[in-house]
Each structure stands twice: as C-alpha cells, then as structure tokens.
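Visitor:
Numbering (the numbering used here), first residue to last: 2 to 334.
1. Would you call the CB atoms of residue 208 and residue 223 closer than 8 Å?
2. If we ignore side chains and look at the alpha-carbon of each, how far apart do residue 268 and residue 310 end up?
3. Which parts of the region 184-258 are runs of the beta strand (DSSP E), unbroken and 3 residues or longer, counting only runs that do not cross its ends?
4. Take every Cβ of the region 12-32, pair it with every Cβ of the region 42-60, and state whether three or more of those distances are shorter than 8 Å.
5. Over the uninterrupted alpha helix (DSSP H) stretch that includes residue 56, give me the two end residues.
6. Sort 284, 36, 277 and 126 by Cα distance to residue 1 and report the nearest one.
7. Out of curiosity, what's the CA-to-CA distance linking residue 297 and residue 271?
8. Does any CB atom of chain D fall closer than 8 Å to the CB of residue 231?
9. Determine the DSSP secondary structure at residue 269, reduced to helix, strand or coil.
10. Look up residue 136 in the DSSP assignment and say whether it is helix, strand or coil.
11. For the region 216-236 against the region 250-258, are there 3 or more C-beta pairs whose distance is under 8 Å?
12. Tell me the rounded alpha-carbon separation between residue 332 and residue 194.
13. Name the two residues that bound the continuous alpha helix (DSSP H) containing residue 302.
14. Between residue 138 and residue 246, what straight-line distance do the alpha-carbon atoms span, to the nearest angstrom?
15. Kindly list the residues whose CB is nearer than 8 Å to the CB of residue 146, restricted to its own chain and excluding five residues on each side of it in sequence; keep chain order.
16. Could you give the DSSP three-state label for residue 178: helix, strand or coil?
17. Pop quiz: residue 37 and residue 46 are said to be a contact at Cβ under 8 Å. What is the actual Cβ separation, rounded to whole angstroms?
18. Since residue 170 and residue 180 should fall inside the 8 Å C-beta cutoff, what is the C-beta to C-beta distance between them, to a whole number of angstroms?
19. Taking just the CA atoms, how far does residue 217 sit from residue 257?
20. Taking the alpha-carbon positions, what's the residue 242 to residue 221 distance?
21. Identify, in the order they occur along the chain, each residue of the same chain with its Cβ nearer than 8 Å to the Cβ of residue 308, setting aside the five sequence neighbours on each side.
22. For residue 295, name the three-state secondary structure that DSSP assigns.
23. What's the C-alpha gap between residue 264 and residue 132?
24. Based on DSSP bridge pairs, tell me the residues matched to residue 325.
25. Over the uninterrupted beta strand (DSSP E) stretch that includes residue 148, give me the two end residues.
26. Do residue 228 and residue 203 have their C-beta atoms closer together than 8 Å?
27. Between residue 130 and residue 159, is the Cβ-Cβ spacing less than 8 Å?
28. Candidates 295, 300 and 287: which alpha carbon is nearest residue 266's?
29. Can you check which of these residues, 210, 320, 324 and 260, is closest to residue 306 by C-alpha distance?
30. Taking the beta strand (DSSP E) that residue 308 belongs to, which residues open and close that run?
31. Smallest Cα separation from residue 173: which of 182, 188, 318 and 152?
32. Taking the DSSP output, what are the residues bridged to residue 278?
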C-alpha cells in the first residue's frame, strides 16, 4: 500500500494535494479555463484515487459558498454604489471530471480580502508555512530560532555574511537572536537584531514590529527606529515613503504574543478587528455583513482551543443575525 492509497500515512502529501486541488478549482472557475486546462485537470485527477477525492472535496466546499458569494457581492454593491454591475458574481457551472463547480469569477475581488480561501502562490512556495491553528518552532542555529504563528509563511536565506536572513511573506513570527545577527525582511522594510527577541506581523498592508527583549532596529526606506522592550512600530508594507514608518509606541508584549499561551486578548477593539483576528485561527470564515456593526467596540478574551464560543457570544452581545454555512463559514450581520 502506498501513501496515495492511505492518506493518513502521509499528511504532508495530503496537504500538497489539497493545495493543488484549490489551484485547479480556482483556475477552472476563473472564466479563462481552456480545453487544455480541462484535459490537464482530468489527467491530474486520474493520477490516483486521492487526487480525485481531494478535487471533489475542494469542489464541494467551493460550491457550498455560492449563495454566500452572491449575498456578499450584493451587499458590497449596496455599500459601494459606484461599482459596475458586472462586479456581481456570474453563476455558472464548469463540468470537469464529473464535478460541477459553482463559479463566481467576477466576485473573486470580493472573496479574497475577507475569506482567504487559499494561500497565495508565494505562500505555497515558502520554505516554511503553518496551517490554520498551527504553530511551529524552527531552530536556525544554536544562537537563533523562529516561532511561527498560525497561517504564516516565510523563507530563510543564508547570505554567507555571518547572519541569518528571514523573509516574512505573510502571518506572524517571533524571532530570537542570541549573539547572532538576524535580519527580517517584511514588505519593503528590514528589522535586525543581534541579542533580542521580537515579534513581526504582516497585518494586511501594515507591518508591525514589537520588541520583547533586547534592542531591535527597524529600517524602512532609509529611516531607522530603534525599539526597546515593550515598544512597537508600524510601517506600510508597500509604501516607498520613509514617512510611513510611525513612531515607537508602548504596548504590552504579553497581549501581542498571547497566542503563545493559546489566548487572544481584545480591549475596546472594533468588532471588525476582533473578527479579522479570530478568523486567523479557525477553519472557514466569519464574514461581517454590517459595516456599522463592525465599528462597535468589544472587550473579550478567547482561548484558541475553544473558538466555537465566539459566534454565540457575539450574537448575544450585539443581537447580531447569524447565518451558518457549510465549511465553518458564518455570515454575521
């Protein structure tokens, strides 16, 4: 019996095939699929029963999102009346390998920001990547280590100049340097330290660097900020203006790194931010359908191993309407 016959014997293979299956579904529902693509997909599905099962499973998950996609798109158009009508999803089916994939090609721009259904190509190709709810420790040397939070992708480079270089593609990581220089590239900024522990997070278009111990230098487009313990700085990932590097501010590192202890802390935060953060740690997505609700403030703490309590608590606290969908998707409005 091979790993293709027994998926439980090789979880890494299953993860790889799942990624490839998402790629196929996305390609076949994009509206640009060719006959050659369809032939290639049939060939891919025929490689083993596991290939075929993964494609069918992913297709079912995508298909189940069809009604939610339309609701989201129509709500988006209601909130943004200047958008063209063809921004609405086109409902169609692509019949490939016996599976009908409900498509919403024109709604991909709606889907991506709130749902993040699949990793980007750069995330898939990363040297190290964690899945939903996964944390991982990487030892670079006796003097350097990296701890990856959930949904984090990074590359590790050894330039040969006596230091370690990390490229943080997405997510969040805690880096520890013990008498060895480490440089972290995130967006168009660089963070370096020799004897320190610090947290770097890609939060949408913003990069957040927090010093936990020691001294950390953040370089953004030629402008430097040196951080001491309990200090944090934020810069824009794609902004070439050095003025986008904000001033250092005081924060509580225990709150920033609460995920290490399996906890999430929120104090007077906009509900939209709370939901965005919770979504990083749970399968599926909680989709906020009401912008006014998202601006309301909320204080709470959640255990990462009991996130099933989040939706009931939000419904009770705000009287929000809840619509449960397959695959862990929830519409909250």
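Idealized CB from N, CA, C, for every residue including glycine.
Guide: Inspection of the coordinates gives the following:
1. no
2. 18 Å
3. 190-204, 207-215, 217-221, 224-228 and 232-237
4. Judged by pairs of C-beta atoms under 8 Å, the region 12-32 touches the region 42-60, as three or more such pairs exist.
5. Start and end: 50-65.
6. Beyond the ends of the chain as shown, which are 2 and 334, falls residue 1; an answer cannot be given.
7. Straight-line Cα distance between these residues: approximately 5 Å.
8. Considering every chain present, this structure includes no chain D. It has just one protein chain.
9. Note: residue 269 maps to strand in three-state DSSP.
10. coil
11. yes
12. Those two C-alpha atoms are separated by around 43 Å.
13. Here residue 302 belongs to no alpha helix (DSSP H); instead the beta strand (DSSP E) covers 298-304.
14. 29 Å
15. 138, 139, 140, 176 and 177
16. strand
17. Incorrect: roughly 15 Å between the Cβ atoms, too far for contact.
18. Not quite, the Cβ-Cβ distance comes to about 27 Å (not below 8 Å), so this is no contact.
19. 16 Å
20. 8 Å
21. 279, 282 and 283, listed in sequence order.
22. Residue 295: helix per DSSP, three-state reduction.
23. Their Cα atoms are separated by approximately 17 Å.
24. 331
25. 145-149
26. no
27. Against a cut-off of 8 Å, the Cβ pair of residue 159 and residue 130 comes out as no contact.
28. The candidate whose alpha carbon is nearest that of residue 266 is 300.
29. 260
30. Segment: none, residue 308 is in no beta strand (DSSP E) and carries neither H nor E.
31. The residue from 182, 188, 318 and 152 with its alpha-carbon nearest to that of residue 173 is 152.
32. DSSP lists no partner for residue 278.
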